[in-house]
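> Position in the sequence shown (from 1) plus 70 gives the number in my numbering. Here you go, one structure.
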Amino acid sequence: MSGKYIPWAEPYKIKVVEPLKMTTLEERKHAIKEAGFNTFLLRSEDVYIDFLTDSGTNAMSDAQWAGMMMGDEAYAGSKNFYRLEAAVQKYYGYKYLVPTHQGRGAEHLLSQAMIKPGDYVPGNMYFTTTRFHQEKAGATFVDVIIDEAHDSQSLHPFKGNIDLQKFEDLINRVGADKIPYICLAVTVNMAGGQPVSMENMKQVKALADKHGIKVMLDATRGVENAYFIQQREEGYANKSVAEILLEMASYTDGATMSGKKDLLVNIGGFVAVNDWDIFEELRNMVVVYEGLHTYGGLAGRDMEAMAIGLEESVQDQNISSRVRQVEYLGKLLEKADIPFIKPVGGHAIFLDAKRFYPQIPQEEYPAQTLAADLYVESGVRAMERGIVSAGRDVKTGENHKPKLELVRLTIPRRVYTQAHFDVVAYWVEELYHHREKAKGLKMVYEPKYLRFFQARFERL
Ligand code: F0G
């Protein structure tokens, strides 16, 4: 090894382009006020570079677009369903598949099928919609992620890992019969896109099996997790991402999936399991809430695009360029000394709003403020992942107060070039230079469920 830097590039070229609109500072000040200082309420037309989310914002390949023409739009038994089912069986190894319109559709079905009121569901940090459906089904969610995940400065290579002691303590406290499954997310979105190690997954499965508890994977960004295992975990450097993904899934009993991330589509998801009885319940329920069990709220063409995207997603060069784009932005921000979560995660850079705006207390929404300010400064749209997203305790009504107060710069797959990252880094740095001028927000409208999507704020 010479140690010489070898340049890399995205393994695709651009065939179709979508123009971006630039706005003036005055226009953006007006737009953010109209949007109640919530980037979810901006019109996408008023956004220049959109780093709100990597969900459903993927650019599809020419093969996927061609696949859209192969949609078999039969009500029942569409051939695209069987193609998708075969792809899930091959790359994830689960036996039975129920398609859903997106990830939360799958979470809804799984939660209703497996949870009884009074149950507990442990998980490696919460995700908004996942926890919502678990609680709606009557469960208490318990965070069993390792402590390092809540520390924005910890450099642990697998910050998404489950703390086995915390999991075991919960089993001892409430009893295994009150824990239908442990929800294992790979990667962990709210922790900064942080991965779980294979070793940890193996241990979680062994402990769960010992107590008759199922392990359910949130496979939404599992391909990104597999890539991190290949890069960081001993014994995996020479395995393909596809092989690693299959091994990961082998330590679980089923999965929910938002295809809008890893699977390179704009809509779609599924729930897949190995257990016939759970499958039967899911299949009974899908016809009530989503659609027949061979389309689950999707058109045939959507299932075809997802099956093709699934195959593309596990190609090593696809996933390595995806994560290297995120790392590229991280390097630029690092050079400028911007505070963000390290190590860099798989799908986004998470700015540390507590350190960016130390003068703004958590009650005045530092991350919400930072996301709004970045938009006004530059037209770049990001997302709050702090106290607003964390919501309230369902029992006490008190605000959850997460240790992490973050702004997520989320990278859509195959959409932006390095020049866009240069622009984003430049504007984040500009904002950082006059950070002491920032003033917080107050919430003036709070929706009942998943408040971050529609809450409104005013400047203090
Ligand atoms: N699980 C994880 C880890 C997610 O990140 C998401 C969505 C879901 C489940 C739900 O899937 O949106 O298809 O219903 N995350 C999006 C985001 C919304 O921006 O991170 P969905």
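Backbone N, C-alpha and C fix where the C-beta goes; we use that ideal spot for every residue, glycine too.
Round the Cβ separation of R455 and R478 to the nearest angstrom and send it over; I've been treating them as touching at under 8 angstroms.
Their Cβ separation, rounded to whole angstroms, is 5 angstroms, which keeps R455 and R478 in contact under 8 angstroms.
> Are three or more beta carbon pairs between the segment 324-342 and the segment 91-102 nearer than 8 angstroms?
They do not touch, by the three-pair rule.
> Suppose you measure from the CA of E447 to the CA of A525; what does that come to, to the nearest Å?
Going from the Cα of E447 to the Cα of A525 covers about 21 angstroms.
> Comparing the CB of S328 with every heavy atom of ligand 1, is any distance shorter than 6 angstroms?
Because some heavy atom of ligand 1 lies under 6 angstroms away, the Cβ of S328 counts as near it: yes.
> Would you give the residue range spanned by the alpha helix (DSSP H) that V446 belongs to?
Segment P436 to S448, the alpha helix (DSSP H) holding V446.
> Does the segment 379-391 come close enough to the segment 342-361 to have 3 or more Cβ pairs within less than 8 angstroms?
Contact between the segment 379-391 and the segment 342-361 is absent, because fewer than three Cβ pairs lie under 8 angstroms.
> Closer than 6 angstroms: is that where the CB of R174 sits relative to any heavy atom of ligand 1?
The answer is yes for R174.
> Rounded C-beta distance between I249 and I215? I'm assuming under 8 angstroms.
Their Cβ separation, rounded to whole angstroms, is 16 angstroms, which puts I249 and I215 out of contact at 8 angstroms.
> Assuming contact is defined by CB atoms lying nearer than 7 angstroms, are Q204 and V191 in contact in what I supplied?
The answer is yes: Cβ separation under 7 angstroms.
> What runs of the beta strand (DSSP E), each 3 residues or longer, lie entirely inside the segment 122-180?
Counting whole runs of 3 or more residues, the segment 122-180 contains the beta strand (DSSP E) stretches 166-170.
> Can you give the beta carbon distance from L25 to K509, rounded, assuming they're within the 8 angstroms contact cut?
In this structure the chain extends from 71 to 530, so residue 25 is not present and cannot be described.
> Report whether the distance from the Cβ of S125 to the nearest heavy atom of ligand 1 is below 6 angstroms.
Yes, since a heavy atom of ligand 1 falls inside the 6 angstroms radius drawn around the Cβ of S125.
> For A418, which beta-bridge partners are listed by DSSP?
DSSP, once it has assigned bridges, lists T480 as partnering A418.
> D332 to A207, Cα distance in whole Å?
Cα to Cα, the separation comes out at about 27 angstroms.
> Can you tell me whether S328 is helix, strand or coil according to DSSP?
Here S328 sits in strand by DSSP.
> Considering only residues of the segment 325-384, which uninterrupted beta strand (DSSP E) runs meet the minimum length of 3 residues and lie entirely inside it, listed in chain order?
Here the runs fully enclosed are 339-343.
> Using the rule of at least 16 other Cβ atoms within 10 Å of the residue's Cβ for burial, across every protein chain shown, is I602 buried or exposed?
Given a span of 71 to 530 for the chain in the structure shown, any question on residue 602 remains unanswerable.
> Skipping 5 residues on each side, what residues in its chain have a beta carbon closer than 6 angstroms to that of G329?
If we look at G329 and ignore the five residues flanking it on each side, its Cβ neighbours are V335, G338, G339 and M376.
> Is the segment 398-417 close to the segment 430-449, with three or more CB pairs under 8 angstroms?
The segment 398-417 is not in contact with the segment 430-449.
> Locate the alpha helix (DSSP H) running through F202, then write down its first and last residues.
Start and end: T198 to K206.
> Tell me whether T290 counts as near ligand 1, meaning its Cβ is closer than 6 angstroms to at least one heavy atom of that ligand.
Answer for T290: yes, Cβ within range of ligand 1.
> Does DSSP classify I185 as helix, strand or coil?
The answer is coil: DSSP assigns I185 none of H, G, I, E or B.
> Specify the secondary structure class of K507 as computed by DSSP and reduced to three states.
In the structure shown, K507 sits in a helix (DSSP, three-state: H, G or I).
> Taking 6 angstroms as the cut-off, is the C-beta of F197 nearer than that to any heavy atom in ligand 1?
Checking the Cβ of F197 against ligand 1 gives yes.
> Is H470 buried or exposed, if buried means 16 or more other CB atoms sit within 10 Å of its CB?
Classification for H470: exposed.
> Could you please give me the residues that DSSP links to L287 through a beta bridge?
Answer is L254 and A325, bridged to L287.
> Measure the alpha-carbon distance for C253 versus L179 and round it to whole angstroms.
Their Cα atoms are separated by approximately 14 angstroms.
> Sorry if obvious, but does the Cβ on N295 come closer than 6 angstroms to a heavy atom of ligand 1?
It does not: the Cβ of N295 is nowhere closer than 6 angstroms to a heavy atom of ligand 1.
> Counting pairs of Cβ atoms below 8 angstroms between the segment 393-402 and the segment 306-313, do you hit three or more?
Result no; under three Cβ-Cβ pairs closer than 8 angstroms.
> Let me check understanding here. Comparing Cα to Cα, which of M268, Q172 and V357 lies closest to L315?
Minimum Cα distance to L315 is reached at M268.
> If you reduce the DSSP assignment to three classes, tell me which class I215 lands in.
Three-state result, I215: strand.
> Could you check the C-alpha separation between T439 and M139 for me, to the nearest Å?
T439 and M139: Cα-Cα distance of roughly 44 angstroms.
> Could you give the distance in angstroms between the alpha-carbon of D233 and the alpha-carbon of D239?
Approximately 10 angstroms, taken between the alpha carbons.
> Under the rule that 16 or more other beta-carbon atoms within 10 Å means buried, what is R113, buried or exposed?
R113 should be labelled exposed.
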